[in-house]
Amino acid sequence: MSTQNASTFDPYTQNITVLSSDGTNIVQNNVSLYTIDSDHFYAVSVSLNYGSQIGASLSMLVLLLLTRREKRKSPIFFLNATSLLLVFISRILLAMFFFGDYNSFYTMYTGDFSYSSTGQRATQITATIIGLFITITINWSLVLQAKTVVHNVGIPSKYFRVIIGISVLVLLNAVIFRAVLTGEIIKAILGKENFLDKISLIKGSLASEMLGVWWFCLVFSGKLLIILRTRRAKKWTRQASMEVLVIGTFYTMFLPVKLISKPHNVHTI
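Sequential numbering from 1 applies to the sequence shown in UniProt numbering.
See the structure below:
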């Protein structure tokens, strides 16, 4: 190698050659070490993310079960507990992706899933289906909470029906997008379709979930604003804590917008 080539050669970005299962045909010849390192760091970061979600969902589920017995009979309690349990199970199954055949070097960089076991496919399909049920239970719970919140505020019945109607439409929108996305992911796991062509569907599903978060935060923030206005009209003191709660809830509406603007890996869905 000449001195000039040696000075411009970066060993950390060099490419490697991968052969097919018969050992003769070149499957991929542009896999760089940089790509391998990036995927490795991604696997570690997502695994840590799933671990934190597993711990958080389990902790919240335990706290939820410690509530008073009379509150456990409400539909909202059942939906919230079911959501936390499903999140706990699905994150464990999704984390298993990084310990299975799908995450092996050869499978990832050749697209050859012939060596993937049936158990691995069943695990990922189960996690994908659970994700659909999580969307249903969470949004259903939010609709019921919105109904309670709006009813307690005491607004006119026509506005009440409009708000609940929009909430139901938001629920259906999120569930339909998620159901279609679930079907496409399952097809990709079974090797029937290339999921990389469904990026627009991924963005649509994320946008529908973002819309749901934004709408329900708007409903709950609206209630807090009405309460704050009432307290000020009656000249009640000690408004600072209520103002902090209103501002904090309002800002959570903008977090999904930041998340949706970033690229997402298929596996994080």
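Just so it is clear, CB atoms sit at the ideal spot from N, CA and C, and this is done for glycine as well.
{"Query": "Counted within 10 angstroms of its Cβ, other Cβ atoms place Lys198 as buried (16 or more) or exposed", "Result": "buried"}
{"Query": "Buried or exposed by the 16-neighbour rule on C-beta atoms within 10 Å, applied to Gln14", "Result": "exposed"}
{"Query": "Any 3 or more C-beta pairs closer than 8 Å across the stretch 209–216 and the stretch 163–180", "Result": "yes"}
{"Query": "Beta-carbon proximity list for Tyr102, same chain, < 8 Å, skipping 5 on both sides", "Result": "Met108, Phe113, Ser116, Gln120, Gln124"}
{"Query": "When Phe220, Ala81, Phe88 are compared against Asn152, the one with the closest alpha-carbon", "Result": "Phe220"}
{"Query": "Cross-strand partners of Asn15 (DSSP beta bridge)", "Result": "Ser32"}
{"Query": "Ile138 in three-state terms, based on DSSP", "Result": "helix"}
{"Query": "Proximal residues to Gly191 (C-beta, below 7 Å), its chain only, five neighbours per side dropped", "Result": "Phe113"}
{"Query": "Length of the line joining the Cα atoms of Ser20 and Phe105", "Result": "13 Å"}
{"Query": "Secondary structure of Thr67, DSSP reduced to three states", "Result": "coil"}
{"Query": "Gly183, enclosing alpha helix (DSSP H) - first and last residue", "Result": "157–189"}
{"Query": "When Val46, Tyr34, Thr17, Asp22 are compared against Pro11, the one with the closest alpha-carbon", "Result": "Tyr34"}
{"Query": "Segment contact, 8 Å Cβ cut-off, at least three pairs: the stretch 70–82 with the stretch 39–49", "Result": "no"}
{"Query": "Backbone CA spacing between Glu184 and Thr230 [nearest angstrom]", "Result": "49 Å"}
{"Query": "Straight-line gap, Thr8 to Leu206 (C-alpha atoms, nearest Å)", "Result": "42 Å"}
{"Query": "Length of the line joining the Cα atoms of Gln53 and Val87", "Result": "8 Å"}
{"Query": "Reduced DSSP secondary structure (H/G/I, E/B, other) of Lys192", "Result": "coil"}
{"Query": "Helix, strand or coil at Tyr42 according to DSSP, with G and I counted as helix", "Result": "helix"}
{"Query": "Close-in-space but distant-in-sequence residues of the same chain around Leu93 (CB under 8 Å, 5 per side omitted)", "Result": "Thr123, Gln124, Thr126, Ala127, Ile130"}
{"Query": "Contact check, Thr135 vs Val175, beta carbons under 8 Å", "Result": "yes"}
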